[in-house]
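Enquirer: If you read the protein sequences in the order shown, they are chains A and B.
The working numbering applies: residue 883 is where the first sequence begins, and numbers increase by one.
The working numbering applies: residue 151 is where the second sequence begins, and numbers increase by one.
No residue lacks a Cβ here, since even glycine has one placed at the ideal position from N, Cα and C.
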Amino acid sequence: MELMICCAARLLEDGRTVAVGTGVPCAAAMLAQRTAAPSLVIFFEAGGVGPQLPTMPISVGDSRTFYRALMATSMADVMETCQRGLMDYTFLGGAQIDAYGNLNSTMIGKDYARPKVRLPGSGGASDLASLCWRILVVTNHDRRRFVEKLDFLTTPGYLTGPGAREAAGLPPGTGPYRVITDLAVLGYAEDTKRMQVLSLHPGVTLERVRAHTGFELAVAEPLLTTSPPTEAELIILREEVDPFGYVIGRCAK
Amino acid sequence: MASLSQGEGPLFADPSADRARAFFAQKPRALTDKLTSVADAVRRLVQDGDYLAIGGFGGDRLPTAVCHEIVRQGKQNLTLAGHTATHDFQILAAGNLTGRGKTIARCDVAYIVGLEARGLSPHARRVVESGEVECTEWSNYGLAVRFKAAAMGLPFLPVRSMLGTDTFKQSAAREIICPFTGEKLLALPAIYPDCAAIHVHEADRYGNCRIRGTTVADLDLARAAKRLIITCERLIPNDEIRQDPSRTVIPFYCVDAVCEVPFGSYPGNMPYEYFSDERHLCEWLEAEADMERYRAFLDNYLFGVKDFNEYLERCGGLQRMQALRQEELLLHRGR
């Protein structure tokens, strides 16, 4: 978990904007602010802009999300900031992800009227994935999640491949960027828009990543090894970002 | 040019701006005293079969007392705007599959069943997975825009979201072509809810409201709704409103009832007032796991109390509220 948060934090450039939810994304943005990206601006979809988060929020609309913030506004204002092209990153998750980075957070099962498991639905995910420049996904890596075919396409990745987002009417130049899992960091091949492994976490083999993935997985050249968290990152993460272990877990302390 | 498609889901709310105008033409707009009890407001303003929308963000600035009262009065066959619906959906779902008929019959879904980081509600899942709630899919921004279209007095607004997804396929949205640029856009039909309930920090007896913190979709929702119930932490004198009208975010002419409900967002968070009661929310989630236990839980907290104050008493009363106030203000962290 700590490694995943560090990987996510390192992807966030200084002077950029990021729309986050609670949990890992929030921890990653807070860590980035305290390391390489001090002027990163955090947005929450319920309307919190530029908070100085005193603790981990529990809800993306709770009062922590606009604690000592620059603005407390509306959901439409935040989403329209994305729609105007001002939001660089967003972090999403889901019950299922496919090779094109499409996400399912709506249901498990085949019959929409009688789902086997009903999940929350899009929330703001479909909006953020449509309108932000770069979509980051943080998730555990297993075959139940990394599937060939989604039960429901809640949130757009590259849809069916090159050109599909633009053909659907989504703003050009937007799309999935990175997937950070407990095994690897993945990106997308320029020509196919399919997921590919960029770096393996220390001690993880490519075979293991493939065994945990339900679709064919390409590999980037050269295949790197993920840098482990530095001592400085860990201290900030454990002492400042998440001192109560809400996200990194108490056992990690 | 690619052919245009449309969602296959049912449309639950009439987007007609003309029919909304006909309604608003006869809506009272005089500056009159609207102070009443939650029980009276719900009895008069929420009708069986209504399209209902709840303000706030699920467990944040939630009009809890109105949600409780709707279930306690056994309102039936409602269509719900499932916009960031977390604890509100959970409360209303207590009127489904518990031997009290069917409170939620249809839902425009953007976010339901879950309570964010707290997990999924077992009972809300039971209710939706049973098939007794007819659903149409949207997104959070999608529903916010649908309220915005209504607040603008329009039948629809276009967005660049939901395109290319199953969310769109299961919605009732329609692809359109921009008449100026030729780009494909998604047209979202306006929602003019029959009734909405919003919890605010302060209101006067006429319904002029002040909110601190994020407004989520509430400023548009207040203007979109045909009937609006306001619950407020504190009733304030009209003179205070007049001294700083720039702070009025919902005007009296949108409002049909004003109810003073201190700690009215409990067990949700009320910004600058009190934090969410995670202990109680967790207890609620755990009780839902078993139907017998859940019935007993509801009898104790919801059906067995006469009003919201009695619910607060059963949840620990003033002592608990004091602790949550300290938590909200971070006093428990030595601030």
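Which residues of the stretch 198-228 of chain B have a Cβ closer than 9 Å to any Cβ of chain A? Give them in chain order.
Expert: Correct list: Gly206, Phe207, Gly208, Gly209, Asp210, Arg211.
Enquirer: Where does Pro421/B fall in DSSP's three states?
Expert: Coil, per DSSP.
Enquirer: List the residues of chain B whose Cβ lies closer than 8 Å to the Cβ of Ala958/A, in chain order.
Expert: Here the neighbours are Tyr291, Ala294, Val295, Lys298, Ala367, Asp370.
Enquirer: Name the DSSP bridge partner or partners of Lys334/B?
Expert: DSSP, once it has assigned bridges, lists Ile327/B as partnering Lys334/B.
Enquirer: Residues of chain A with CB closer than 8 Å to the CB of Arg310/B, please, in chain order.
Expert: Chain A residues near Arg310/B: Gln965, Ser1012, Leu1013, Gly1051, Leu1052, Pro1053.
Enquirer: Can you list the residues of chain A that Tyr422/B reaches, using a CB-CB cut of under 9 Å?
Expert: Within chain A, the residues near Tyr422/B are Ser945.
Enquirer: Restricting to Cα atoms, I'd like to know which of Asp394/B, Asp370/B, Val216/B, Arg310/B is closest to Pro1053/A.
Expert: The shortest C-alpha separation from Pro1053/A is found at Arg310/B.
Enquirer: Looking only at C-alpha atoms, which of His351/B, Asp370/B, Glu423/B, Thr236/B sits nearest to Leu479/B?
Expert: Nearest option by C-alpha distance: Glu423/B.
Enquirer: So, is Asp183/B buried or exposed, given that buried needs 16 or more other C-beta atoms within 10 angstroms?
Expert: Looking at its Cβ environment, which holds fewer than 16 other Cβ atoms inside 10 Å, Asp183/B is exposed.
Enquirer: Taking one C-beta from the stretch 282-295 of chain B and one from the stretch 971-987 of chain A each time, how about it: are there three or more such pairs within less than 8 Å?
Expert: Too few Cβ pairs lie closer than 8 Å, so no.
Enquirer: For the putative contact between Leu1032/A and Gln978/A, defined by C-beta atoms under 8 Å, what is the C-beta separation to the nearest angstrom?
Expert: Leu1032/A to Gln978/A, Cβ: 5 Å. Contact.
Enquirer: Taking buried to mean at least 16 other C-beta atoms within 10 Å of its own C-beta, is His233/B buried or exposed?
Expert: The residue is buried, with at least 16 neighbouring Cβ atoms inside 10 Å.
Enquirer: In chain A, what lies closer than 8 Å to Gly281/B by C-beta?
Expert: Within chain A, the residues near Gly281/B are Ala995, Arg996.
Enquirer: Which residues of chain A have a Cβ atom closer than 9 Å to the Cβ of Arg246/B, listed in chain order?
Expert: The residue asked about is misnamed: residue 246/B is Asn in this sequence, not Arg. Per Cβ cutoff of 9 Å: no residues; Asn246/B is ~13 Å from chain A at best.
Enquirer: Where DSSP assigns a beta bridge to Met1077/A, which residues make up the other side?
Expert: Answer is Tyr1070/A, bridged to Met1077/A.
Enquirer: Would you report the Cα separation of Leu885/A and Asp1124/A, rounded to the nearest angstrom?
Expert: Spanning the two alpha carbons is a distance of roughly 14 Å.
Enquirer: Where does Arg256/B fall in DSSP's three states?
Expert: The answer is strand: DSSP assigns Arg256/B an E or B state.
Enquirer: Below 9 Å between beta carbons is the criterion; list the residues of the stretch 311-345 of chain B that meet it against any residue of chain A, in chain order.
Expert: The residues in question are Ser311, Met312, Leu313, Gly314, Thr315, Asp316, Thr317, Phe318, Lys319, Gln320, Glu325, Glu333, Lys334, Leu335, Leu336.
Enquirer: Could I get the ranges of all uninterrupted beta strand (DSSP E) runs contained in the stretch 912-978 of chain A, with 3 residues as the minimum, in chain order?
Expert: Listed in chain order, the complete beta strand (DSSP E) runs (minimum 3 residues) inside the stretch 912-978 of chain A are 923-926, 971-974.
Enquirer: Report the residue from Ala1049/A, Ile990/A, Phe948/A, Val1029/A whose alpha carbon sits nearest the alpha carbon of Ser1012/A.
Expert: Taking only the C-alpha atoms, the option nearest Ser1012/A is Ala1049/A.
Enquirer: Assuming Leu202/B and Phe297/B form a contact by the criterion Cβ under 8 Å, report the distance between their Cβ atoms to the nearest whole angstrom.
Expert: Actually they do not touch by this definition, with Cβ atoms about 13 Å apart.
Enquirer: Keeping to the same chain, check which residues put their C-beta closer than 7 Å to that of Arg1132/A; ignore five residues upstream and five downstream.
Expert: With a pLDDT of 47 at Arg1132/A, under the threshold of 50, the modelled position of that residue is not reliable, and no figure is offered here.
Enquirer: How would you label Ala914/A, buried or exposed, when you count the other beta carbons within 10 angstroms and need 16 or more for buried?
Expert: So Ala914/A ends up on the buried side.
Enquirer: Taking Ser1004/A as the reference, give the member of Ala274/B, Gly269/B, Glu287/B, Pro272/B with the closest Cα.
Expert: Per the Cα distances, Glu287/B.
Enquirer: Output yes if chain B places a C-beta closer than 8 Å to the C-beta of Val923/A; else output no.
Expert: Not one chain B Cβ lies under 8 Å of Val923/A.
Enquirer: Name, in chain order, the residues that DSSP records as bridge partners for Thr1037/A.
Expert: For Thr1037/A, which the question treats as bridged, DSSP gives the partners Leu985/A.
Enquirer: Hey, does Thr186/B have any beta-carbon neighbour from chain A nearer than 8 Å?
Expert: It does not; no Cβ of chain A falls within 8 Å.
Enquirer: Since Ala294/B and Ala958/A are thought to touch, with beta carbons under 8 Å apart, how far apart are those beta carbons, to the nearest angstrom?
Expert: Right, the Cβ-Cβ distance comes to about 5 Å (below 8 Å), so this counts as a contact.
Enquirer: Quick check on Ile1130/A: buried or exposed, where buried means 16 or more other Cβ atoms within 10 Å of its Cβ?
Expert: The residue in question, Ile1130/A, is buried, as its Cβ has 16 or more Cβ neighbours within 10 Å.
Enquirer: How long is the line joining the alpha carbons of Val880/A and Pro920/A, rounded to whole angstroms?
Expert: Missing from the structure shown is residue 880/A; chain A here goes from 883 to 1135 and no further.
Enquirer: For a minimum of 4 consecutive residues, which ranges assigned as the alpha helix (DSSP H) are wholly contained in the stretch 372-457 of chain B?
Expert: 388-393, 428-438, 441-448, all fully within the stretch 372-457 of chain B.
Enquirer: Pop quiz: Phe413/B and Leu462/B are said to be a contact at Cβ under 8 Å. What is the actual Cβ separation, rounded to whole angstroms?
Expert: Yes, they are in contact, since the Cβ atoms of Phe413/B and Leu462/B sit about 6 Å apart, within 8 Å.
Enquirer: Skipping 5 residues on each side, what residues in its chain have a beta carbon closer than 7 Å to that of Pro1084/A?
Expert: So the qualifying residues of the chain are Thr1107, Thr1108, Pro1110.
Enquirer: Nearest-angstrom Cα distance between Cys432/B and Leu212/B?
Expert: So the alpha carbons of these two residues sit roughly 17 Å apart.
Enquirer: Please return the same chain residues whose Cβ sits closer than 8 Å to the Cβ of Val1086/A, not counting the five positions on each side in sequence.
Expert: Answer for Val1086/A: Leu1065, Ala1066, listed in chain order.
Enquirer: Using only the alpha-carbon positions, how far apart do Glu460/B and Met969/A sit?
Expert: Taking the straight line from one Cα to the other gives about 45 Å.
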